[in-house]
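Take the sequence shown: its position 12, counted from the start at 1, is 552 in our numbering, and no numbers get skipped.
Only one structure is covered here, and it is reproduced in the block below.
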Amino acid sequence: MCRAHGLSEGVLGPRAWTSPRRTPLYYPDAVTLAVDAGPGDVLDGIDRTAPGASVKDSHARLDLAPEGFRLLFEAQWIHRPAGLPAGSPSGAASDRSAAYRAVRTPDELAAWALAWSGGDVDEAALFRAELLADPATTIVAGHAPDGRILGGAVLTASDRVTGVSNLFTADGVPASAAWSGVLAVADPALPLVGYESGDDLDAALAAGCEAIGPLRIWLDA
Numbered sequence: 541m542c543r544a545h546g547l548s549e550g551v552l553g554p555r556a557w558t559s560p561r562r563t564p565l566y567y568p569d570a571v572t573l574a575v576d577a578g579p580g581d582v583l584d585g586i587d588r589t590a591p592g593a594s595v596k597d598s599h600a601r602l603d604l605a606p607e608g609f610r611l612l613f614e615a616q617w618i619h620r621p622a623g624l625p626a627g628s629p630s631g632a633a634s635d636r637s638a639a640y641r642a643v644r645t646p647d648e649l650a651a652w653a654l655a656w657s658g659g660d661v662d663e664a665a666l667f668r669a670e671l672l673a674d675p676a677t678t679i680v681a682g683h684a685p686d687g688r689i690l691g692g693a694v695l696t697a698s699d700r701v702t703g704v705s706n707l708f709t710a711d712g713v714p715a716s717a718a719w720s721g722v723l724a725v726a727d728p729a730l731p732l733v734g735y736e737s738g739d740d741l742d743a744a745l746a747a748g749c750e751a752i753g754p755l756r757i758w759l760d761a
C-alpha cells in the first residue's frame with residue numbers, strides 16, 4: 541500500500557517497522573515485531589508533526605497513553621492452517637450468492653473500492669491502480685449475477701503465509717459467504733493470517749480460523 545502511494549517501504553528494525561512519512565489512511569505508521577518492543581522503537585521513527593499517527597501493537601504489550609496516544613481498538617490475530625477445505629459460498633440459489641474472482645482492471649478495482657467503502661469516494665481512493673501490478677497482492681471481489689459487488693477482501697502472499705485484510709460484505713450478505721468465496725481464491729497450500737474483532741472474529745472462527753493472540757491499535761490524539 542505504501543508503494544502504491546509513492547512512499548518508501550519504511551524502516552525494518554529488530555523490534556519494529558516504522559515509516560518516516562505518514563502512511564495512507566487506516567494503515568499503521570509503526571508495527572511492533574518483537575514482544576520486547578518499547579515505545580521508543582515505534583515512536584522515534586514516525587512523523588508526529590500532526591495528530592493521527594497510528595501504531596499496531598502486535599503483541600498488545602505497549603502502553604502509549606503517556607505518550608499522548610489513545611487505544612483505538614483491540615483485536616485477535618487469526619490463523620487458518622493450510623490444507624483445510626475451502627467450502628463454498630452459502631445460498632448458491634439466492635440473491636446473496638456471488639462468484640468470487642480476482643480484480644484485474646482499474647475499473648474493477650474502482651468498483652470494488654466503492655463497495656468496500658460503502659460509497660465513500662474519498663475512502664475508495666485509498667486503493668490505487670498501482671496495487672494491481674504488485675504480484676504479492678490479490679484483491680478479491682464477489683460478483684452477483686447482476687454485476688453488483690457483494691463482498692471481497694485483500695490477499696497478500698509471502699513465501700510462508702497469505703495475509704487476509706479488508707474483508708467486507710454488502711447488501712446484507714453474511715460474512716460467512718465472503719469467507720467461503722475468498723478461501724476459494726486463496727492458495728490452499730499456505731496458511732492464512734490476519735486479525736479481526738467482534739462479529740467479524742466470530743465469522744473468521746466459523747471459517748476455520750483460530751484466535752492466536754491479542755493486538756492493539758493506538759492512535760495519536
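Glycine included, each C-beta is placed from N, C-alpha and C at the ideal position.
C-alpha distance - Leu624 paired with Pro579, whole-angstrom precision: 38 Å
Taking the straight line between their C-alpha atoms, what separation do you get for Ala600 and Ala653? 30 Å
For Glu775, count neighbouring Cβ atoms within 10 angstroms of its own Cβ and tell me buried if that reaches 16, exposed if not. For the chain, the structure presents residues 541 to 761; residue 775 sits outside this window and is missing.
Closer than 8 Å by C-beta to Ala632: which residues in its own chain qualify, once you throw out the five before and the five after it? Chain order, please. Any reading at Ala632 needs caution, since the residue's pLDDT is 36, under 50, leaving its predicted position unreliable; the model's value is listed next. None.
Just list the beta strand (DSSP E) runs in the segment 584 to 623, keeping only unbroken ones of 3 residues or longer that don't cross its boundaries, in chain order. 594 to 597 and 609 to 620
Using a 10 Å radius around the Cβ and a threshold of 16 neighbouring Cβ atoms, would you call Arg610 buried or exposed? exposed
Between Asp647, Ala638, Ile679 and Gly585, which lies nearest to Asp711 when the distance is taken from Cα to Cα? When each option's Cα is compared against that of Asp711, the closest is Ala638.
In whole angstroms, give me the CA-to-CA distance for Asp576 and Thr645. 43 Å
Outcome for Thr589 when other beta-carbon atoms lying within 10 angstroms are tallied against a minimum of 16: exposed
Quick one, are the C-beta atoms of Ser559 and Gly550 less than 7 Å apart? yes
In chain order, which beta strand (DSSP E) runs of at least 3 residues are fully inside the segment 630 to 673? Counting only runs of at least 3 residues, the segment 630 to 673 fully encloses the following beta strand (DSSP E) elements, listed from N- to C-terminal order: 639 to 642.
One or two residues paired with His683 in a DSSP bridge: Ala639 and Ile689
For Ala761, count neighbouring C-beta atoms within 10 Å of its own C-beta (all shown protein chains included) and say buried if the count is 16 or more, exposed if not. Looking at its Cβ environment, which holds fewer than 16 other Cβ atoms inside 10 Å, Ala761 is exposed.
Among residues of its own chain, excluding the 5 on either side of Arg561, which ones have a beta-carbon nearer than 7 Å to its beta-carbon? Leu547 and Asp587
Output yes or no for whether 7 Å exceeds the beta carbon distance between Ile757 and Phe613. yes
Considering Cα atoms alone, identify which of Arg543, Pro728, Ala574 and Leu565 is closest to Trp557. Ala574
Determine whether the beta carbon atoms of Val722 and Ala693 lie at a separation below 7 Å. yes
Spatially closest choice to Leu730 from Arg688, Ala605, Ser657 and His619, by CA coordinates: His619
If you reduce the DSSP assignment to three classes, tell me which class Gly738 lands in. Helix at Gly738.
Which residue wins for smallest C-alpha separation from Thr709, given the options Ala717, Asp739 and Pro606? Ala717
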